[in-house]
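K.L.:
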Ligand SMILES: [Fe+2]
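Residue numbers (this note's numbering): 6 to 292.
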């Protein structure tokens with residue numbers, strides 16, 4: 006009997022290490038806008054690629070599949086590569102996202118730090134080293150991807166008017182950056198995006214005012230999700246509600262991304278995902 010359990014355990018280890026990290030899926034989520042938007046819009050949310058070496062063919066395939074759904078906007082929420090040597094692979098991947106679709110990005114903690122593999126087990130013994138973000142910013146520039154570093158951009162399309170606010174990753178977020186989003190014009194669908202859910206910890210109730218949707222990544226959905234227990238390692242001060250999927254705070258929708266990659270190659274019941282968000286006008290809901 007013990008041999009059967011041992012075999013099962015080894016099979017699960019093998020699956021989590023070599024199979025599941027490559028099983029990319031596309032998840033579609035829907036929300037009804039409380040603001041008037043003219044027609045339904047869709048946003049492709051890409052997060053936590055953690056590219057190491059060649060871009061997996063299956064990842065390219067799922068991106069192409071998502072692009073066929075005609076997203077109006079593409080947003081990246083950080084953690085693109087593990088080190089500068091992988092920027093060439095990122096360059097190749099970014100070519101998949103066409104220039105005709107507006108693309109915006111924020112940076113994640115892996116853009117500012119290089120982490121040794123064992124950092125995940127012991128933060129002080131295996132300390133991170135600072136990383137220069139300039140080569141990545143140059144790459145984005147070449148791909149016409151706008152990086153929002155505590156900035157808001159207004160974007161008007163035939164379907165809706167967006168105010169897009171990107172908040173920069175920082176290790177120390179208390180208090181929130183003095184930059185704020187009070188100047189958002191009326192009637193704009195306000196989308197706030199940043200890398201880590203930890204920022205939310207410093208939000209007061211009034212900070213959510215006027216924000217329609219928040220997008221974020223960083224948690225990798227916990228990477229390992231045990232039955233009845235849920236996500237094991239969340240990398241944030243939050244545990245369950247904000248780690249993966251949809252949530253709502255006051256009148257703001259919050260969408261958390263499981264990520265497409267990871268530093269430590271291991272996933273269990275937490276397949277890497279690409280998220281396509283569909284935002285519908287209020288009348289489409291009642292119809
Ligand atoms: Fe990440």
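For glycine and all other residues, C-beta sits at the position ideal for the given N, C-alpha and C.
Please classify residue 46: does DSSP put it in a helix, a strand, or coil?
P.N.:
If DSSP states are grouped into helix, strand and coil, residue 46 belongs with the strands.
K.L.:
Below 8 Å on the Cβ atoms is my guess for residue 49 versus residue 281; work out the distance and round it to an integer in Å.
P.N.:
Residue 49 to residue 281, Cβ: 6 Å. Contact.
K.L.:
Quick check: does the Cβ of residue 115 come within less than 7 Å of any heavy atom belonging to ligand 1?
P.N.:
Result yes, Cβ under 7 Å from ligand 1.
K.L.:
Can you give me the start and stop residues for the alpha helix (DSSP H) that residue 117 sits inside?
P.N.:
Where residue 117 is concerned, the enclosing alpha helix (DSSP H) stretches over 114 to 117.
K.L.:
Could you tell me whether the Cβ atoms of residue 159 and residue 193 are closer together than 8 Å?
P.N.:
Yes, they are a contact pair.
K.L.:
Looking only at its own chain, which residues have a Cβ that is under 7 Å from the Cβ of residue 27, when we skip the five neighbours before and after it?
P.N.:
Excluding residues within five positions, the ones whose Cβ falls inside 7 Å are 61 and 63.
K.L.:
Is residue 84 a contact residue of ligand 1, with contact defined as CB to any heavy atom under 7 Å?
P.N.:
Within the cutoff, so yes.
K.L.:
With DSSP collapsed to three states, give me the class of residue 25.
P.N.:
Residue 25 falls in the helix class under three-state DSSP.
K.L.:
Is the region 108 to 115 touching the region 146 to 160, taking contact as three or more C-beta pairs under 8 Å?
P.N.:
Short answer: they touch.
K.L.:
Please report how far the alpha carbon of residue 269 lies from the alpha carbon of residue 20, in whole angstroms.
P.N.:
Those two C-alpha atoms are separated by around 14 Å.
K.L.:
If you reduce the DSSP assignment to three classes, tell me which class residue 215 lands in.
P.N.:
Reduced to three states, the DSSP call for residue 215 is coil.
K.L.:
Nearest to residue 30 by CA position, among 18, 286, 133 and 263, is which residue?
P.N.:
Checking every option, the nearest Cα to that of residue 30 belongs to 263.
K.L.:
Ligand 1 heavy atoms versus the CB of residue 264: any closer than 7 Å?
P.N.:
The answer is yes for residue 264.
K.L.:
Go ahead and pull the three-state DSSP assignment for residue 157.
P.N.:
Strand, per DSSP.
K.L.:
Measuring only the C-alpha atoms, how far is residue 75 from residue 98?
P.N.:
Rounded to whole angstroms, residue 75 to residue 98 spans 18 Å at the Cα level.
K.L.:
Please state the DSSP three-state secondary structure of residue 290.
P.N.:
Annotation note: pLDDT 49 at residue 290 (below 50); position unreliable, no value reported.
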